[in-house]
Amino acid sequence: MLSTGIEKLDRLIGGGLLEDSVLLIVYDTYSVGWTLGAKILKNRMDMGDFGVIINTVLPLSALNMGLNFAGIDIYHEGERGNLGVIDIFASYDQLKYPHRYVRTLPNLDVSTFVPKYVATYRQLLKEDVKDRRPVGLVVTSDGFGFLMGERTSIRINQKIFALKETARITENRKRPINIWLLNKDRVSKRYMSWLALYSQYIVEFRSGDLKYEEMIIRKSPLPDFEPGAYKFQIKGGKIRIS
Numbered sequence: 090m091l092s093t094g095i096e097k098l099d100r101l102i103g104g105g106l107l108e109d110s111v112l113l114i115v116y117d118t119y120s121v122g123w124t125l126g127a128k129i130l131k132n133r134m135d136m137g138d139f140g141v142i143i144n145t146v147l148p149l150s151a152l153n154m155g156l157n158f159a160g161i162d163i164y165h166e167g168e169r170g171n172l173g174v175i176d177i178f179a180s181y182d183q184l185k186y187p188h189r190y191v192r193t194l195p196n197l198d199v200s201t202f203v204p205k206y207v208a209t210y211r212q213l214l215k216e217d218v219k220d221r222r223p224v225g226l227v228v229t230s231d232g233f234g235f236l237m238g239e240r241t242s243i244r245i246n247q248k249i250f251a252l253k254e255t256a257r258i259t260e261n262r263k264r265p266i267n268i269w270l271l272n273k274d275r276v277s278k279r280y281m282s283w284l285a286l287y288s289q290y291i292v293e294f295r296s297g298d299l300k301y302e303e304m305i306i307r308k309s310p311l312p313d314f315e316p317g318a319y320k321f322q323i324k325g326g327k328i329r330i331s
């Protein structure tokens with residue numbers, strides 16, 4: 090069992106995160122619930138894990154400004170060897186960065202996405218992750234659906250899960266934690282339903298009150314878990330759940 094680094098959240102989801110699990114964080118347009126995923130990534134990096142950001146939506150500078158809110162400086166952590174970026178956004182728009190920790194997929198199109206993504210990820214494991222645990226943060230799953238098309242994105246996820254299962258059986262290494270960020274206002278209910286199927290944990294946020302958001306923990310595979318609704322807020326850069 091792996092800690093999120095947020096003691097109360099660990100208790101609420103039944104004890105922590107399982108290896109190879111997917112945590113789906115669902116939020117709306119005005120929500121800051123996505124920061125929960127970034128905070129978990131930062132906490133796991135502080136525990137010695139390696140962060141892998143899969144970027145589908147923003148230029149690197151804008152992505153870094155957003156994640157700074159959650160305490161992650163991509164440039165700083167990348168230079169220290171704690172984090173890598175697989176930049177799908179940059180791959181599609183043919184952006185080139187001078188940073189060795191930012192990896193792009195060459196000549197990307199839908200038909201070649203899976204082999205190029207897998208090759209890039211395996212290179213990252215070999216050269217940077219090594220014997221550490223990779224913790225993936227997809228920023229964002231709705232952005233991936235927009236780039237690839239929702240139906241194609243679902244098929245790609247199925248193929249990647251099959252490859253991960255093969256790796257789990259045949260490889261002896263620390264297994265990953267996967268965090269998917271999803272703005273529900275940008276996707277269909279059908280797409281969201283498929284992502285929910287693949288996720289072992291689901292946390293949903295609803296914005297409204299300026300002081301706090303409603304946080305609903307909907308799903309966990311652990312026997313001590315009970316679904317529940319809570320108040321979530323960011324204050325002084327720290328997450329508060331009540």
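Residue numbers for the sequence shown follow the numbering used here, so the first one is 90 and each next one is one higher.
Every residue, glycine too, gets a C-beta built ideally from N, C-alpha and C.
Note that this is a predicted model, so its numbers are computed, not measured.
Whole-angstrom distance between residue j and residue i, CA atom to CA atom
{"i": "residue 143", "j": "residue 192", "result": "10 Å"}
{"i": "residue 254", "j": "residue 288", "result": "15 Å"}
{"i": "residue 150", "j": "residue 190", "result": "14 Å"}
{"i": "residue 281", "j": "residue 329", "result": "27 Å"}
{"i": "residue 267", "j": "residue 114", "result": "11 Å"}
{"i": "residue 100", "j": "residue 235", "result": "35 Å"}
{"i": "residue 232", "j": "residue 239", "result": "10 Å"}
{"i": "residue 256", "j": "residue 157", "result": "33 Å"}
{"i": "residue 177", "j": "residue 97", "result": "34 Å"}
{"i": "residue 264", "j": "residue 183", "result": "31 Å"}
{"i": "residue 186", "j": "residue 148", "result": "10 Å"}
Secondary structure of residue i, DSSP reduced to three states
{"i": "residue 227", "result": "strand"}
{"i": "residue 158", "result": "coil"}
{"i": "residue 108", "result": "coil"}
{"i": "residue 286", "result": "helix"}
{"i": "residue 320", "result": "strand"}
{"i": "residue 178", "result": "helix"}
{"i": "residue 248", "result": "helix"}
{"i": "residue 140", "result": "strand"}
{"i": "residue 116", "result": "strand"}
Close Cβ partners of residue i (< 6 Å) along its chain, the five nearest in sequence each way excluded
{"i": "residue 160", "result": "131"}
{"i": "residue 260", "result": "none"}
{"i": "residue 153", "result": "163"}
{"i": "residue 224", "result": "130, 133, 138, 140 and 266"}
{"i": "residue 172", "result": "140 and 166"}
{"i": "residue 310", "result": "289"}
{"i": "residue 320", "result": "301 and 331"}
Expected contact under 8 Å - CB spacing of residue i and residue j to nearest Å
{"i": "residue 203", "j": "residue 249", "result": "7 Å"}
{"i": "residue 166", "j": "residue 140", "result": "7 Å"}
{"i": "residue 103", "j": "residue 133", "result": "No, residue 103 and residue 133 are not in contact; Cβ-Cβ is about 18 Å, not under 8 Å."}
{"i": "residue 105", "j": "residue 120", "result": "Rounded, the Cβ-Cβ distance is 24 Å, inconsistent with contact."}
{"i": "residue 111", "j": "residue 283", "result": "Rounded, the Cβ-Cβ distance is 12 Å, inconsistent with contact."}
Proximity winner among the options, relative to residue i (alpha-carbon distances)
{"i": "residue 179", "options": "137, 145, 267 and 117", "result": "145"}
{"i": "residue 291", "options": "318, 300 and 277", "result": "318"}
{"i": "residue 243", "options": "215, 279, 227 and 272", "result": "279"}
{"i": "residue 117", "options": "210, 273 and 323", "result": "273"}
{"i": "residue 247", "options": "286, 218, 215 and 216", "result": "286"}
{"i": "residue 210", "options": "181, 194 and 127", "result": "194"}
{"i": "residue 293", "options": "216, 307 and 128", "result": "307"}
{"i": "residue 258", "options": "230, 96 and 109", "result": "109"}
{"i": "residue 275", "options": "229, 128, 313 and 217", "result": "229"}
{"i": "residue 123", "options": "312, 296 and 314", "result": "296"}
Own chain, CB closer than 7 Å to residue i, minus 5 neighbours either side, in chain order
{"i": "residue 137", "result": "221"}
{"i": "residue 207", "result": "252"}
Own chain partners of residue i with C-beta closer than 8 Å, once the 5 adjacent residues on each side are dropped
{"i": "residue 327", "result": "none"}
{"i": "residue 241", "result": "199"}
{"i": "residue 300", "result": "322"}
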